[in-house]
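S.K.: Sharing a structure, written as structure tokens. Questions coming.
Protein chains: 2
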Amino acid sequence: MKASYVRTLTRHIHVYQSKNLSKEFLNVVQCHDLLQSLGFIKQTQSGLVHWLPLGLRTLNKISNVIKKHIEQNGMAQEVSLSLLSPKLLWESTGRWKNGELFKLKDSKGSDFCLAPTCEEEITTLIGSYISSHKDLPLTVYQIGRKYRDEKRPRGGLLRGREFLMKDAYSFDKSKQEAMETFGRMNETYDLIFKDLRVPFVSAWADSGDIGGDMSKEYHFMHETGEDTVLKCSSCGHVSNVEKCSSYPEETNQHNGDVNVRYALNIERDTLICLYYPHNRTLNWNLVLDALDHDVDSTLVGESNEKVLDLFHAGKNEDDMMFSSVVRIMDCRLNSRSNYPDFPLKQYLKNNFSQLDDVTLVDAEENELCGACEEGKLSGARSIEVGHTFYLGQKYSKPLKAKFTAKDNTEQFCEMGCYGIGVSRLVGAIAQVTRDEMGLRWPRVIAPYEISVCSAKQDNLCEQVEGLLQAWKSETWVNRDDKSNLGRKIATSHSLGIPICVIVGKREWPHVEFEVRAPFMGDSWRGALQEKGESWDWTCESAGSEHVQRHKVHKDHLKDVVGVILTDM
Amino acid sequence: MKASYVRTLTRHIHVYQSKNLSKEFLNVVQCHDLLQSLGFIKQTQSGLVHWLPLGLRTLNKISNVIKKHIEQNGMAQEVSLSLLSPKLLWESTGRWKNGELFKLKDSKGSDFCLAPTCEEEITTLIGSYISSHKDLPLTVYQIGRKYRDEKRPRGGLLRGREFLMKDAYSFDKSKQEAMETFGRMNETYDLIFKDLRVPFVSAWADSGDIGGDMSKEYHFMHETGEDTVLKCSSCGHVSNVEKCSSYPEETNQHNGDVNVRYALNIERDTLICLYYPHNRTLNWNLVLDALDHDVDSTLVGESNEKVLDLFHAGKNEDDMMFSSVVRIMDCRLNSRSNYPDFPLKQYLKNNFSQLDDVTLVDAEENELCGACEEGKLSGARSIEVGHTFYLGQKYSKPLKAKFTAKDNTEQFCEMGCYGIGVSRLVGAIAQVTRDEMGLRWPRVIAPYEISVCSAKQDNLCEQVEGLLQAWKSETWVNRDDKSNLGRKIATSHSLGIPICVIVGKREWPHVEFEVRAPFMGDSWRGALQEKGESWDWTCESAGSEHVQRHKVHKDHLKDVVGVILTDM
């Protein structure tokens, strides 16, 4: 009874699968629909999906890769927070008014939201436990569902209303230690994304809604992505447009109108005049860099008039005579550009300074990279899959996560938070790696590593299963009575299973198999060149650039499969 | 840097822990508070908890035991369903009006609930995929959060508003096959609960709200439980009161008033008169058994008058003369009991029959067991931890989960559903196994299997850690600077870690360790009697019935620990 049950178990994957495996279909269908028709997921409502057995295996494998690195690297302890988070907590950080919160009341009338991220909860939790500086540093993480009532959910798994997320939160004693933790978490992210074996870029980025002034994004480059990053053709530096500095190929070429934007230094005794071409966008991150961050950033949203008023406030005419003025000229301007009037009527030349040759505006394609000043920038569409933030005391202050420092003073924790969209990664990797034959998972996250296809279930098929015993839990035997051998092979390839073993009497005692996954390394070639002859192994193309066909004596099937899988 | 981070990682468990480990505290504190003060969980709101690192390890271990058996036994494929379930689906089965549903609206005004169980979703999902009888049988399961807006959440993890549940759903072609699946799932449950190593009973039970007429409950016996089961002192048969048959020690002893309840057979041509002592409760399950289920159960809720009206309906006086009447007498009654008037004025003696010596009423303690008729029944409080149901077509009909049978007819699936309260198990096992020293986990679900306690972190401590390398991920080294050795040992015992290794110079190269967990087997004694001398092993009591102290030469620490752990 047991054996027969295991059979029906694997057969059942077919229940969920599409009948259409034609290249026409596989080529044109949207990735989300492809995942649905191949039985990975099933959409129930806009932005909501059920995870089916194949999809869940891939999802769990991604979670395990993340978990392994986060724990092995000693970064974090696992927790699992309640998803029902009370209104009061979200009001204390000003996030209750977020329009994308799913809100609900319990039977007593208390208000809750379904947590989209857990800064409020984790800061309260950790704040209630730590007391001394000896309790820090402390980092926790969880992998769990999150909710966001997207107005326009789209792209299937890329922007869902219910999604699986890895979120980690760090608590440190000082800004310096928080930056070290931030750096170490970014190293861990590099390890995670390298292990997923899909090329990625990490970009310094604006931190958006969550806050803090250091953040890094992780992207897969892909033409269907919703984000844009700029990449240098020479040094390879990648960044988000908010953090990208660039130079024109030739400076001082702008002849048209010039915009000016006023700012003050932190002491508010120096007027800063920022000049830039009227057809470009001022980039405050570049302004801050140009002035070594000596800018009163609370005035960034204010009008020029307001800034001038504040500069004049409380000063008489003599004071004004001795006030400093700094003019910052974007390097694209020249002296013939059409400048606006200077705002001060009188000033001493000694108190006046000017900074030229800086870049103040959002980078554009084809300009020179600000990092190396050699390569040209090109923009490319990308899919964001991870984001790390240094948060400072943004949450620890309102939620009172304090500790007693060595000098006996009470201090607020320095925090960071770190997200990876786990379910989003399934959609993103499917999108980036798919081809005309269907999906094409890297081995580490393929739902199964090996499939066994046979015209019929006979003794020979069982023998081959026995030879692959070492991959038992990673082997899927296609027992679909309704399919012929060709269709079984096409199914294996469309599901993105790396190796498809084809059972047949004709070649016996040799076994043929096809390799579907992209090779990530080349060490298999050397190993097989050395051992291949004694293992009775040969390799031929299967007539498609996407698939290689191999043949090996049955006694060495497991050796060759083992060698090949290590490179996938 | 890596090594130092791993240290702080394990040290941090302490952040979450209570300062109070006194026996007075550990003895009297409520189990939920004990789990909180030891850092397993943290309650955020009534019925809602955060899972902290220790608690999450135990929770995950329970999940893994369940997963292993459900998959190894070939029972089910894993899925993971969306928790946001639309109103429409719940209206189609009449469950939207359930007052314990958490309900919410999305930004477009659509109504959803947070799923408390997933019959509606899974039946719709599977119904959309299956078409032929070849697609069946099919069983799926998931382990995930569920929500129930309990009016009075209490008992902490035992009755939460957010809880982790294993829910499985089976789809079969026929009632017979569904019953086989139901039986196989119950066998799997036995394996799961045996593996958890806490004594349990399984009881036939009424199926309550979910429906269907076969169900089985799994209970831990404990005086704090909210349920009651009846157990026979002789044959050990256990059942819920709804399913329990019993006999009085001496029959025909009831002298007082007698109640009567009327019913009809399925054809509605026989009047059934059920007589039983007025001070007892009629049990319809026993009535059904007594009459081989030939009872029109749609009339169970109707008054005696209504039943008589239906019996008379459409019959003239002659018909009535030939109508059958069956009197069923509970075996507790005798002829001197005070019977109500007989409802029919005229009847033929030939059409009249009587059944004596049956039991029709809810069992009571101290009566004889209906299964063996020898032992006495005793009632005991229990905690329900699992429940299996045969559902029939209760959900497949309204949600149209159909298939084409071999004979080409369309048929509805026969379903079953099977729950285990995973987070509830944490609370229940803690409650059942705790003692005056704190928690006392069976090894398979202890947060760590071994702790290492040392007065200070020195070279000796590192050596011992090295000796236990084989249990690396299961070893917790207590690095709490603020604790002395005695407190570290008490902490290990209170956390319920099975083995506490005590590092000290005094006995070196011997190492002492204390065994905390209850022994589940006795094979360790034989193994150590045989090998003990050559391993330089001795065992002494630690002066407490709850803890044994062992001493062994360091070179054999891992051997002895290995032997002992197999019995825990």
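So the protein lines, in turn, are chains C and R. For the first sequence, position 255 matches number 254 in numbering that gives the first Met the number 0, and the numbering has no gaps at all. For the second sequence, position 267 matches number 266 in numbering that gives the first Met the number 0, and the numbering has no gaps at all. Built from N, CA and C at the ideal position, the CB exists for glycine as well.
Checking 8 Å against the spacing of the C-beta atoms, do LEU354 of chain C and ALA262 of chain C come in under that value?
M.R.: Within the first sequence, residue 354 of chain C is the residue found at index 355, counting from 1. Within the first sequence, residue 262 of chain C is the residue found at index 263, counting from 1. No, the pair does not count as a contact, with Cβ atoms beyond the cut-off.
S.K.: Check whether the Cβ atoms of THR227 of chain C and SER377 of chain C lie closer than 8 Å to each other.
M.R.: Here the question's residue 227 of chain C lines up with position 228 in the first sequence. Here the question's residue 377 of chain C lines up with position 378 in the first sequence. No; because the gap between Cβ atoms is not below 8 Å, this pair is not in contact.
S.K.: Start and end of the beta strand (DSSP E) containing HIS386 of chain R?
M.R.: In the second sequence, the residue the question calls residue 386 of chain R occupies position 387. Taken as a continuous stretch (DSSP letters only), the beta strand (DSSP E) holding HIS386 of chain R covers 376 to 391.
S.K.: Can you give the Cα-Cα distance for GLU179 of chain R and GLY143 of chain C, rounded to whole angstroms?
M.R.: Translated into the one-based positions of the second sequence, residue 179 of chain R becomes position 180. Translated into the one-based positions of the first sequence, residue 143 of chain C becomes position 144. Rounded to whole angstroms, GLU179 of chain R to GLY143 of chain C spans 35 Å at the Cα level.
S.K.: Is there a Cβ from chain C that is less than 8 Å from the Cβ of GLN76 of chain R?
M.R.: Translated into the one-based positions of the second sequence, residue 76 of chain R becomes position 77. Yes - at least one Cβ of chain C is within 8 Å of the one on GLN76 of chain R.
S.K.: Per DSSP, which residues does ILE142 of chain R bridge with? Please list them.
M.R.: Translated into positions along the second sequence, residue 142 of chain R becomes position 143. Answer is R:LYS165, bridged to ILE142 of chain R.
S.K.: Could you name the residues of the same chain whose beta carbon sits closer than 8 Å to that of LYS553 of chain C, not counting the 5 residues immediately before and after it, in chain order?
M.R.: What you label residue 553 of chain C is simply residue 554 of the first sequence in a count that begins at 1. Taken in chain order, the residues that qualify are GLN462, VAL463, LEU466, TRP507, PRO508, HIS509 and VAL510.
S.K.: Expressed to the nearest angstrom, what Euclidean distance is found between the alpha-carbon atoms of ALA526 of chain C and TRP536 of chain C?
M.R.: The residue you call residue 526 of chain C lines up with position 527 of the first sequence. The residue you call residue 536 of chain C lines up with position 537 of the first sequence. Going by the C-alpha atoms only, they are around 12 Å apart.
S.K.: Mark SER3 of chain R as exposed unless 16 or more other C-beta atoms lie within 10 angstroms of its C-beta, in which case mark it buried.
M.R.: As a working mapping, residue 3 of chain R is identified with position 4 in the second sequence. Unreliable placement is indicated for SER3 of chain R, whose pLDDT of 46 sits below 50; the coordinate value is still reported in the next sentence. It is exposed - the Cβ of SER3 of chain R has fewer than 16 other Cβ atoms within 10 Å.
S.K.: Any contact between the segment 162 to 177 of chain C and the segment 143 to 153 of chain C? By contact I mean 3 or more CB pairs, one from each, below 8 Å.
M.R.: Short answer: they touch.
S.K.: Quick check: the Cα distance between PHE170 of chain R and LEU25 of chain C, rounded to an integer number of angstroms?
M.R.: Your numbering for residue 170 of chain R matches position 171 in the second sequence. Your numbering for residue 25 of chain C matches position 26 in the first sequence. Between PHE170 of chain R and LEU25 of chain C, the C-alpha separation is close to 31 Å.
S.K.: In three-state terms, what does DSSP make of GLY255 of chain R?
M.R.: Numbered from 1 along the second sequence, position 256 holds the residue referred to as residue 255 of chain R. In the structure shown, GLY255 of chain R sits in coil (DSSP, three-state: anything other than H, G, I, E or B).
S.K.: With 7 Å as the limit, tell me which residues of the segment 448 to 467 of chain R have their beta carbon closer than that to any beta carbon of chain C; keep them in chain order.
M.R.: So the list is empty, because no residue satisfies the distance condition.
S.K.: What are the partner residues of GLU409 of chain C, as DSSP defines its beta bridges?
M.R.: Looking up residue 409 of chain C in the first sequence gives position 410. Paired residues: C:THR403.
S.K.: What are the residues in the segment 45 to 63 of chain R lying within 7 Å of chain C by C-beta distance?
M.R.: Answer in chain order: LEU47, VAL48, HIS49, TRP50, LEU51, PRO52 and LEU55.
S.K.: Looking at chain C, is there any beta carbon in it that lies within less than 8 Å of the beta carbon of ASP208 of chain R?
M.R.: One-based indexing of the second sequence puts residue 208 of chain R at position 209. Reliability of the predicted coordinates at ASP208 of chain R is poor, the pLDDT of 43 falling under 50, and the value obtained from them is presented with this limitation in mind. Cβ-Cβ to chain C under 8 Å: no for ASP208 of chain R.
S.K.: Looking at PHE402 of chain C and HIS218 of chain C, is the spacing between their C-beta atoms short of 8 Å?
M.R.: As a working note, residue 218 of chain C is residue 219 in the first sequence. As a working note, residue 402 of chain C is residue 403 in the first sequence. Taking 8 Å as the Cβ cut-off, HIS218 of chain C and PHE402 of chain C do not qualify as a contacting pair.
S.K.: Step through the CB atoms of chain C and report whether any lies within less than 8 Å of the CB of SER106 of chain R.
M.R.: Numbered from its first residue, the second sequence carries residue 106 of chain R at position 107. Judged by the 8 Å Cβ criterion, SER106 of chain R is in contact with chain C.
S.K.: In three-state terms, what does DSSP make of VAL306 of chain R?
M.R.: Within the second sequence, numbered from 1, the residue matching residue 306 of chain R stands at position 307. In the structure shown, VAL306 of chain R sits in a helix (DSSP, three-state: H, G or I).
S.K.: Taking contact to mean at least 3 C-beta pairs separated by less than 8 Å, is the segment 49 to 64 of chain R in contact with the segment 60 to 75 of chain C?
M.R.: These segments do not touch.
S.K.: By the 8 Å beta-carbon criterion, what residues does the segment 149 to 166 of chain R contribute toward chain C?
M.R.: Those residues of the segment 149 to 166 of chain R that come within reach of chain C (Cβ to Cβ, closer than 8 Å) are LYS150, ARG160 and GLU161.
S.K.: What is the rounded straight-line gap between the Cα of ILE12 of chain R and the Cα of ASP134 of chain C?
M.R.: If you number the second sequence from 1, residue 12 of chain R lands on position 13. If you number the first sequence from 1, residue 134 of chain C lands on position 135. Going from the Cα of ILE12 of chain R to the Cα of ASP134 of chain C covers about 10 Å.
S.K.: Cβ of LYS41 of chain C less than 8 Å from any chain R Cβ?
M.R.: In the first sequence, the residue the question calls residue 41 of chain C occupies position 42. True, the Cβ-Cβ gap to chain R drops below 8 Å.
S.K.: Would MET213 of chain C and PRO198 of chain C be called neighbours here (beta carbons separated by less than 8 Å)?
M.R.: If you number the first sequence from 1, residue 213 of chain C lands on position 214. If you number the first sequence from 1, residue 198 of chain C lands on position 199. Cβ distance not < 8 Å, so MET213 of chain C and PRO198 of chain C don't count as in contact.
S.K.: Nearest to GLU373 of chain R by alpha carbon, out of R:SER336, R:LYS66, R:TYR246 and R:ARG326?
M.R.: Locating residue 373 of chain R in the second sequence gives position 374, counting from the first residue. Measuring from the Cα of GLU373 of chain R, the nearest candidate turns out to be R:TYR246.
S.K.: 8 Å is my cut-off, CB to CB: does LEU564 of chain R come that close to chain C?
M.R.: Sequence index remark: in the second sequence, residue 564 of chain R carries index 565 (1-based). No, its Cβ sits nowhere closer than 8 Å to a Cβ of chain C.
S.K.: Please go through the segment 170 to 199 of chain R and give each complete alpha helix (DSSP H) segment of 4 or more residues, from N-terminal end onward.
M.R.: DSSP runs (the alpha helix (DSSP H)) wholly in the segment 170 to 199 of chain R: 174 to 195.
S.K.: Please classify TYR15 of chain C: does DSSP put it in a helix, a strand, or coil?
M.R.: Working through the first sequence from its first residue, we reach residue 15 of chain C at position 16. Correct three-state label for TYR15 of chain C: helix.
S.K.: Measure the C-alpha to C-alpha separation of ASP208 of chain R and GLY155 of chain R and round it to an integer number of angstroms.
M.R.: For the purposes of this step, residue 208 of chain R is taken as the residue at position 209 of the second sequence. For the purposes of this step, residue 155 of chain R is taken as the residue at position 156 of the second sequence. Residue confidence is low: ASP208 of chain R scores 43 on pLDDT, short of 50, so the model does not pin down where it sits. Its coordinate-derived value is still stated next. One C-alpha to the other measures close to 23 Å.
S.K.: Can we say the segment 489 to 500 of chain C touches the segment 444 to 456 of chain C, given the rule of at least three CB pairs closer than 8 Å?
M.R.: At 8 Å Cβ cutoff, the stretches touch.
S.K.: So which of C:ASP406, C:THR408, C:GLU413 and C:ASP256 has the shortest CA-CA distance to SER395 of chain C?
M.R.: Position 396 of the first sequence, counted from the start, is the residue given in the question as residue 395 of chain C. When each option's Cα is compared against that of SER395 of chain C, the closest is C:GLU413.
S.K.: Cβ closer than 7 Å: which chain R residues qualify as neighbours of PRO85 of chain C?
M.R.: Mapped onto the first sequence, residue 85 of chain C falls at position 86. Chain R residues near PRO85 of chain C: GLN44.
S.K.: For LYS193 of chain C, would you say it is in contact with chain R, using Cβ-to-Cβ distances shorter than 8 Å as the test?
M.R.: As a working note, residue 193 of chain C is residue 194 in the first sequence. By this cut-off, LYS193 of chain C is not an interface position.
S.K.: Could you check the C-alpha separation between ASN591 of chain C and LEU298 of chain C for me, to the nearest Å?
M.R.: This structure gives no information on residue 591 of chain C, because the portion of chain C shown stretches from 0 to 567.
S.K.: Tell me the DSSP secondary structure of GLU473 of chain C in three-state form.
M.R.: Locating residue 473 of chain C in the first sequence gives position 474, counting from the first residue. In this structure, GLU473 of chain C counts as helix in the three-state DSSP scheme.
S.K.: Could you work out which residue in C:ARG153, C:ASP110, C:SER109 and C:VAL139 is closest to GLN42 of chain C when comparing CA atoms only?
M.R.: For the purposes of this step, residue 42 of chain C is identified with residue 43 of the first sequence, where counting begins at 1. Here the closest residue by C-alpha is C:ARG153.
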